[in-house]
Every structure is written in structure tokens, then in C-alpha cells.
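Written out below as C-alpha cells is the structure these notes cover.
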Amino acid sequence: MTAHMRLGFYAPETEDELSQLVIQAAESRTPLEIMGKGTKRELGHVVRAGAIVSTENMKGISLYEPTELVVVAKAGTPLTEIEAALAENDQELACEPVDLAPVLGYSPGDGTFGGLVASNISGSRRILKGAVRDHVLGLTAVNGRGEIVKSGGRVMKNVTGYDVARTLVGSWGTLAVMCEIAMKVQPAQRDTRTLIFYGLADYAAVEALCLAMGTPYEVSGTVHLQGPLAARLSDTELAGNGSALTAIRVESFPASARYRTSRLRQALLAYDPSVELESERSRAFWRDIRSLKVFQDTKYPLWRVSTSPSKAATLVSNLARKIDVRVAYDWSGGLMWIETPSLTDAAAVDIRRQLAEFGGHATLMRADKTIRDGTDVFQPLERPHDALAAKLKHAFDPMGLFNPGRIYRQM
Amino acid sequence: MSTVTLPDPDRVVMARRNEVVKQLKRLAPEALMIADLEGRRTFESDALSAYRRLPLAVVLPANTEEVSAILRFCYENQVKVVPRGAGTSLCGGATPLEDSIVLCLSRMSKVLEIDTANRVARVEAGVTNLAITQAASAQGFFYAPDPSSQIACTVGGNIATNSGGAHCLKYGVTVNNLLAVRMVMIDGEIVEFGGSHLDAPNYDFLPLITGSEGQLGVVTEATVRLLAAPEGARPVLIGFDSTRDAASCVAAIIGSGILPVAIEFMDRPAIHVCEHFVPAGYPLDAEAALIVEVEGSEDEIEYLLEKIEDIAQDHNPTSMKRSQSTEESALIWKGRKAAFGAIGQISDYMCMDGVIPLAALPEALDGVSLICRKYRFDVANIFHAGDGNLHPLILYDANDPGQLERAELCGAEILKLCVELGGCLTGEHGVGIEKRELMYEQYTDEDIDQQVRIKEELDPAWLLNPGKVFPILGRDAVKPSLELTRLDAASDGLPPEDDLSDDIQTVESEGRL
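For the record, the sequence lines run as chains D and B. Every number in the working numbering is 52 more than the matching position in the first sequence, counting from 1. Every number in the working numbering is 234 more than the matching position in the second sequence, counting from 1.
Here is the structure:
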């Protein structure tokens, strides 16, 4: 066995090949950049690696059982392929993954299944149905020792040993390289309707969204777009209104969707519901949200901020006193997509100062390399979380081979 | 004689018992300290009562700071710690060791905050599962995971085993409903993971902690998701002539695009015991019954139940009984929730917790029945069919020497079958001491090593709940604490002939209960 690893790009086709590659990297102490199709390479810090390992050739759906609500696929499988297979059986991914590709300069739907799991970027339905992480049932991955490790399974419930599978979700390829993932899926609801409110101030909008979530009507989308962002929507009527837009979605069978929106209208009468989007028009609106349409045509830095819903509007108002921001709220206010001016730190200091007070975290999803090089893209860790994160990293990747510096420049 | 033998403890630590008690009293003055023999007896086992060991002492701290002081002392003095909630574990997750203290969180039982605007509740770890819903229900909210023991079991225990319940088909299990924990690491450090916001900023410790059976730290507070209560909920009770028909009906319902809030399965013995316990109208002539529950407004419920009944028509139902009122629904669920207790009144039982892929349900049920026949035990099946989580109850007589061991072997064989069918050893009860040697059935050495490495990073001396979860044969790190007979070792010979009376029949004919 050679002690030297050739620099370059590797795309193994099997778990065993991947395992051999990692063993070779470990022996030659070659750090590896881990990716799927690389559509999120511009997110996070630049990885200084001797070689790139891509999972893009490990692809295909290995098992799909619609009556068991489970799909198992290789990490490099294009997400579009999985979603198409599910759609054929009127099923879908419950977490409604956000398609980051367009805002990061790639074609829509370019990402892989593994990329989704590694980043844990859930969409609007997360608030009702849970995150990417919640639907991962099990996976196979190669750790930093080159061992093929399995955790969980393909069944709905599993507490056999520690939940290594869900622990790897959102770790951005820094703990292990995922090979195959089992995910719970759900039946697609046959109808969708969306209530639209115009011109609500942020505070009132978040209040209305939280009220909606507190009803029994299983609201599955709660978004508020500030005026300048609403103007960028595809739906010309919605975009042309010229004011902020608040949207509340229900998904159910047709009679139920009608009933639920009518009840929501009553419950939220004080906020003056205007338009009701039906079926296809409702779907088109949420496709915009899912693909971050309102941020696609600009190049400004874009943050993803998570906090308690009741604190969101205050956080934004404090921020707006210092800098010019445009905000799209999701998850009834608990998630904010914040577009900032191209300052040297993309307002990282201001945003994180607010979070220190209110709780939560912020990730810089889009920014020029120069900004990212000088800013903590991911929420910085403080004591004792930094030490605990280092221990977790050590348990999986003791030599620090995978994506060095991707999340934390020092780790 | 039983298959899991508990070991001789570390005499050196035991000899220091008085000193340990004295120091802990000093360090945690508000804590309730139970050091007398009678008091300690109360804690010598959890619900896996075949295994009992007297701990050095039982400490019931008043707050997180005391937990921290206690753990720091144990860390510095190499004293093992067995965390415990209400002690409802069915797998020996809280079985004490004679050289350990039991750290019982049941006095930390306050609901700290109900925040309906953000739809979260912050509670102490010793609060019971049901108490959260009780605290939030006046405002129209509830906490979703609902294990059968919810009246007694604690949130801390739910987190330790990632508890589920009947309604997790729709709402998920504990890990899906947990937003944050405050916990104490073995060195006494107090850490918070998560918050009232969603998702972790980077490495997500919550899924790692959830289901780690108290081995990575001691959770003292939790922030959980509250959900708006549905307008209404109603079940339909469907009887079948064969378990196969019932199983194929479950698959058909899920495949149709309807996601009921619960699908519960009962076989003939379970139906009879429950109906005797709570006359809810279960179909006594059926071989299997399903309780399928849906939620929504009256119209929505009617619509969904009609669809479900239409689907069921294709699977040879012998009876269909739609609940017509809240009272009737409550009665149906009362029977289901009381099932384990009802069976417990007629026989000792061992409750298995294997999970199988739904498509394998008929094969699994046939297999369970074959295995139990081989070991000459009666079995009752009552479980969450929607997610394939089986709960075969092996009925045995604890007073008859040898039966416990045979029941354990029988259970192990059932769990192996679950793994062979593509499932897993435990869906919601945990591994504990009961299934730890079976981990090899499901995982390779590498799989187990990866988990062990996490344990060793966070608790290098294996002080927190050692001897649970991981197989200990060949693992030097924990071997001194427990000694065990491999479960397979005795399974070669045929089980001894035994005249097991048919307990179910007895109940029916004598009307006992």
C-alpha cells in the first residue's frame, strides 16, 4: 500500500471503495474535502484539503416501500430523482427541503440526498412535520478510520444503541462520509390552500402566524415577506400589491382544506385576510419560498437565523436600526432569512449580538469568499460546547481528515 | 437462575459507603438521601423486577446544582451512578449496581413554563409525561409522545429511552418533540443543548442524548414542543379472522395516503384480556383487531373513517365498530392502555419491543407464535402496528424455577427474528441490561465501537450507568462490573417439558380479575 495519496478528485462507486480511500488518506495524513455534487461548496469556510472525495457516483434508490413510508437511497442520488419517485406514489419528503442551489449559483434541484442530510436545511413544513433530521431513520457512513459504520435502520422506530444516524445530520461532512440513508416519507396531501394577508407590520405578522399555529388546523406553512421581498415573487398579482405579504398554508384533502382555511379566516379576522390561493396557485407560491426565489436575483449576503418566534420581530427591528436589512420570516417567525448589505462582516457582529440576548443561531448562507474568509459562517461555539464538539469530532474522525475548517476554521 | 447474572461489586468502593453517604449529604444538603436498608430496597430494581441489586445509596436531588455537585464527587471518587426517573424501564435501564449510587430525579418535578405563543414547555426532568399535557391542556395544547406508562414515567426517562407511544405514527417520538435539555456531564459541568428555537447551529447533541439511556450525562431540565390539540379524535375498531388480514389492512391504509394518528393491533388473547378488564366492545370472536384513530373536525373524522372502513372491506373484516362518542372512544383507549396491567393481573409477563418492516408483519407474527410454542409459552400481541413496533407479551410463571430463564431465551429469539426480518431489537423501551448482548445481532463490531467511542469521549471512566446498552463480553472497559452468560449459550437444548396452564382460558372460564 502506498503511503502517498494522489492529489485530485475521487468519486468512489461503492462503500468499500470509499472506505479504502479514507484508509489511504489516513495513512498518508491527507485531509479530504467531502462533497456530493458540490452545490454547497460556496457555503461555509474554504476547506484546505489534499484531495476531494465526492459521493456523486454512489447513487440510486435501493429501496422504496410506499406502504411503509420509507425510502432508502445512496448519498449521491440527486434529490430530484428521489422526489420524482415519491411523487409517482403521491408521496413526498415531509421536511420540504429548501433548494439552496439557485441562490448559490447552481441550477434548481442540483443537490444530492447526502447533501440534504449533511446540511439539514428544512423548509416551511418543518414547523408542522419536523426537520430533515427528524425523518432520518438510519444510515451507513464511513468514519475517519475508514470503517463502514451503520446506525439505525429502515424501520420507523429504533432505540437500539445511540442514535449515531441523527447525530450526523447537519454535520456538513465533518464527522463521517454518508453512503446510504433511510428516510421516512409521507403521503402528499391532495389539496393545498393559502391565506394571504397584505401590509402587516412584522410584529403583527408574527403574532398572526403564531396564532395560526396555535389552532387545531395543522397549518403547514407560515411565512411573512417584507414589502421589498414580496415584490420579487413570481405571482405578479401578489408581487404587484406593493406591500408586505403574510401567508398561511393548509394541506389536506379538498373538503378539509376548504374547511380549515375558512376557520382560519375567522380566527384571524382582525388581521384582515385578503386573497385565498387555491391548489396550483398555492403550490406555485410555496415553490417560490422553497427555492428562495426572493433572494435569487440579488448577490447580497444572506443569513439564516433561528430564534424563538416571539423574539423575531424585535430582533429584526433592533437590527434595522443599525443596518439596512430585508427579511423573510418562516416557521411562524422562528426562522429568518436576512439579506444584508455587503459589509465586510455581512453584519455578523450585529446579528450575533442580538442572538446573544435573544437566544438562537445564525449561519451565513451566501457571501463572497472575502467576507466568508473573515467571518464565522457558522454560529461560533462557546465554552463548554466547543470542547464537547471537539470530543464528538474526535470520536468519529480522530485525525481530522474530513472537511477541515469547513465549520470552524480552527477545528 | 436467569440469563443475565449480575456481578460481584467492587468491594473497595462498597467499603467506603459510609464516607460516600456522608460526603454526598454535605455536598447536596437539600437532597433527600436514602441510605437505610429498607429505603434502598425500594430502588433495588426498575420494572424489570427479576434483577435486583441494593445500591450504596439513593440520592434525590432538589436542583441541577445539586446534581452537578453529586456527579463531580462521583467523578472524583470513581463512584458509579445509575440515573433513574420513575423506574418504569422494562429492560433494566435503571437496575442499580451494588457499587453505585442511584441518582433519582423524581423530586425535580416542576413544570417551569408553559409558553403557548412559542408552543413550548420547559419542565424539570422528574415531571411525569402526562403532567405536561395536563399543564397545557387548559390552553388547548398537548405534549405528543404518550407511552403506556405516561401516568408514572418521567420526561427524563422518556429522553433516556426516546419513548414513543400509540400516537407517534403521526407525531413522532421523543426526539422529534424535544427542543432543548439542560444536563450535567459526569464531571459536574452543567450544559445546555438547544433552546426554544428550532434546530442546532452545528453538531446536534439532542439526538445523541435522546435514547442514550443515561450514559452520557444526567438530564435535569427539558424544553419540549407543545402542539395544538385537535378538534376531535375518534377510532374505529375492526375485527379480522386472521392476523394476516389485519396486517395487510394496515399496509393498505398507510399506502392509501391516509395517515391515521394511531393504528393499534391486538391479537385474540389480548382482545380477550382487555375486554374482560374494560368492556369496550372489542370483538371477542376475532383473531385480530385494529384500533385505527383519526383526528379533525366531526366532518373530517367521518370522511376519514369512511375511507378507512372502505379499505378495510377489502381485507375480510369480521366486524367494524365506529366509536360514536367521546365516552366510547375513551373506553376503547382505556382498554388498550390498560392492556399490560390487565395481562399482569393474570400472569407474569415479559414484554418484548422489537420493530419490523410493516411488510413483514404477517411473517413476524407467525414467527413469534412459533417461537413461543417451541418454548411452551402463551403469548399476547398488542402493539403499534402503524410503525411496526411489536410488543409480544410472553406469559410465564416467575414462581416456577427455570421459567424466567426460558422466557428470556424465548424473547431473545423473537428479537433475533425481528432483526432478521430487517428490523431492530428495540423501538421504544431501550436496550438496558436485557438486550445488551443481543446488540451483536444487529450491529457489527465497528458499529458498536463507533458508539462506544462517543461514550468514552464523554464518560471515559464509564461511571454513568455502566453495564447497560453495550455487550460487555470482550469489552474490558466495563467487564469488571458485570459478568454475564451469553444468551445463546443455553438455547441449544430443548426447553423442559412443562405443564403451562392456559391463563387466558382460565380467566374466561372463572371470570378471575
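C-beta: ideal position from N, C-alpha, C; glycine also.
Problem set entry | Local conformation of Phe165 (chain D) per DSSP, three classes | In the displayed model, Phe165 (chain D) falls within a helix according to three-state DSSP.
For this session: Please report how far the alpha carbon of Thr552 (chain B) lies from the alpha carbon of Phe474 (chain B), in whole angstroms.
Result: As the crow flies, the alpha-carbon of Thr552 (chain B) is around 5 Å from that of Phe474 (chain B).
Exercise. At what residues does the alpha helix (DSSP H) containing Glu644 (chain B) begin and finish?
Worked result: Looking at the sequence shown, residue 644 (chain B) is not Glu but Cys. Following the DSSP letters along the chain, one finds Cys644 (chain B) inside the alpha helix (DSSP H) bounded by residues Gln637 to Glu654.
For this session: Compute the Euclidean distance between the alpha carbons of Gly60 (chain D) and Asp376 (chain D), then round it to the nearest angstrom.
Result: It is roughly 42 Å from the alpha-carbon of Gly60 (chain D) to the alpha-carbon of Asp376 (chain D).
Exercise. Beta carbon of Leu152 (chain D), beta carbon of Ile173 (chain D): below 8 Å?
Worked result: In this structure, Leu152 (chain D) sits near Ile173 (chain D), with a CB-CB distance shorter than 8 Å.
Problem set entry | Chain-ordered neighbours of Gly399 (chain B) on chain D, where CB pairs are closer than 9 Å | Residues of chain D whose Cβ lies closer than 9 Å to the Cβ of Gly399 (chain B) do not exist; the shortest such Cβ separation is about 10 Å.
Exercise. In the structure shown, what three-state DSSP assignment does Arg206 (chain D) receive?
Worked result: For Arg206 (chain D), the secondary structure class from DSSP, reduced to helix, strand or coil, is coil.
Problem set entry | Simplified DSSP assignment, three categories, for Gln312 (chain B) | Coil.
Exercise. DSSP state of Ala504 (chain B), grouped into three classes?
Worked result: Three-state DSSP puts Ala504 (chain B) in a helix.
Exercise. Ordered along the chain, which non-local residues of its own chain (more than five positions away) have a Cβ less than 7 Å from that of Arg459 (chain B)?
Worked result: Correct list, in chain order: Arg353, Val354, Asn411 and Leu413.
For this session: Find the residues of chain B that neighbour His413 (chain D), judging by a C-beta separation of less than 9 Å, and give them in chain order.
Result: Those within 9 Å of His413 (chain D) in chain B are Gly429, His431, Asp433, Ala434, Pro435 and Asn436.
For this session: State buried or exposed for Gly292 (chain D), treating a residue as buried only when at least 16 other CB atoms are found within 10 Å of its CB.
Result: Looking at its Cβ environment, which holds fewer than 16 other Cβ atoms inside 10 Å, Gly292 (chain D) is exposed.
Problem set entry | DSSP three-state assignment for Ile667 (chain B), whether helix, strand or coil | Reduced to three states, the DSSP call for Ile667 (chain B) is coil.
Problem set entry | CB contact below 8 Å: Arg356 (chain B) versus chain D | No, no contact with chain D.
For this session: Taking a Cβ distance cut-off of 7 Å, strictly less, list which residues of the region 347-377 of chain D are near chain B, in chain order.
Result: Residues of the region 347-377 of chain D whose Cβ lies closer than 7 Å to any Cβ of chain B, in chain order: Ser358, Thr359, Ser360, Pro361 and Ser362.
For this session: Anything in chain D within Cβ reach of Glu662 (chain B), meaning under 8 Å, just list it in chain order.
Result: Those are Lys209 and Val211, listed as they occur along chain D.
Exercise. Does any C-beta atom of chain B lie closer than 8 Å to the C-beta of Thr119 (chain D)?
Worked result: For Thr119 (chain D), the answer is yes, since a Cβ of chain B falls inside 8 Å of its Cβ.
Exercise. Any idea if Pro694 (chain B) is buried or exposed, counting beta-carbon neighbours within 10 angstroms, 16 or more meaning buried?
Worked result: Counting of Cβ neighbours within 10 angstroms places Pro694 (chain B) among the exposed residues, the total staying below 16.
Exercise. Which residues in chain D sit within 7 Å of Glu423 (chain B), going by Cβ to Cβ distance?
Worked result: Chain D residues near Glu423 (chain B): Pro436.
For this session: Report yes or no: do the region 644-651 of chain B and the region 583-592 of chain B share at least 3 C-beta pairs separated by less than 8 Å?
Result: These segments touch.
For this session: Output yes if chain B places a C-beta closer than 8 Å to the C-beta of Ser223 (chain D); else output no.
Result: With 8 Å as the cut-off, Ser223 (chain D) counts as an interface residue toward chain B.
Problem set entry | Where the alpha helix (DSSP H) through Ala456 (chain B) begins and ends | Annotation for Ala456 (chain B): no alpha helix (DSSP H) segment contains it, though the beta strand (DSSP E) segment containing it runs Val452 to Arg459.
Problem set entry | Residue interval of the beta strand (DSSP E) (run including Asp693 (chain B)) | Per DSSP, Asp693 (chain B) belongs to no beta strand (DSSP E) and is neither H nor E.
Exercise. Considering only residues of the region 504-586 of chain B, which uninterrupted beta strand (DSSP E) runs meet the minimum length of 3 residues and lie entirely inside it, listed in chain order?
Worked result: Counting only runs of 3 or more, we get 522-529, 551-556 and 582-585.
Exercise. Can you tell which of B:Val407, B:Pro295, B:Pro330 and B:Ala372 has its C-alpha closest to the C-alpha of Ala359 (chain B)?
Worked result: Of B:Val407, B:Pro295, B:Pro330 and B:Ala372, the residue nearest in Cα terms is B:Pro295.
Exercise. Closest by CA to Asp215 (chain D), which one among B:Leu440, B:Arg570, B:Arg341 and B:Asp349?
Worked result: In terms of CA proximity to Asp215 (chain D), B:Leu440 leads the group B:Leu440, B:Arg570, B:Arg341 and B:Asp349.
Problem set entry | Asp349 (chain D), buried or exposed, once every other Cβ within 10 Å from all chains shown has been counted against 16 | With fewer than 16 Cβ atoms within 10 Å of its Cβ, Asp349 (chain D) is classed as exposed.
Exercise. Quick one, which residues of the region 647-672 of chain B are near chain D if we go by CB-CB under 7 Å, in chain order?
Worked result: Taking a C-beta cut-off of 7 Å against chain D, the contacting residues of the region 647-672 of chain B are Gly656, Gly657, Cys658, Leu659, Thr660, Gly661, Glu662, Gly664 and Val665, listed in chain order.
Exercise. Taking Cβ positions only, does Phe439 (chain B) come closer than 8 Å to chain D?
Worked result: Proximity of Phe439 (chain B) to chain D, defined by a Cβ-Cβ separation below 8 Å, is satisfied.
Exercise. Whose C-beta lies closer than 6 Å to the C-beta of Arg242 (chain D) among residues of the same chain, with five residues either side of it excluded?
Worked result: Result list for Arg242 (chain D): Phe305, in chain order.
For this session: Tell me, please, whether the CB atom of Asp479 (chain B) is closer than 8 Å to any CB atom in chain D?
Result: For Asp479 (chain B), the answer is no, since every Cβ of chain D falls outside 8 Å of its Cβ.
Problem set entry | His618 (chain B), DSSP secondary structure in three states | In the structure shown, His618 (chain B) sits in a strand (DSSP, three-state: E or B).
Exercise. Should the region 614-622 of chain B be regarded as contacting the region 494-504 of chain B, the criterion being three or more beta carbon pairs within less than 8 Å?
Worked result: Yes: the two stretches touch, three or more of their Cβ pairs being nearer than 8 Å.
For this session: From the DSSP output, in three-state form, read off Glu483 (chain D) for me.
Result: Nothing can be reported for residue 483 (chain D), as the shown portion of chain D is limited to 53 through 463.
Problem set entry | Where Arg709 (chain B) sits in the DSSP three-state scheme | Note that Arg709 (chain B) scores 41 on pLDDT, short of 50, meaning its location in the model is unreliable; the coordinates nonetheless yield the value given after this. If DSSP states are grouped into helix, strand and coil, Arg709 (chain B) belongs with coil.
Exercise. Given that a residue counts as buried once 16 or more other Cβ atoms are within 10 Å of its Cβ, and exposed if not, what is Thr444 (chain B)?
Worked result: The residue in question, Thr444 (chain B), is buried, as its Cβ has 16 or more Cβ neighbours within 10 Å.
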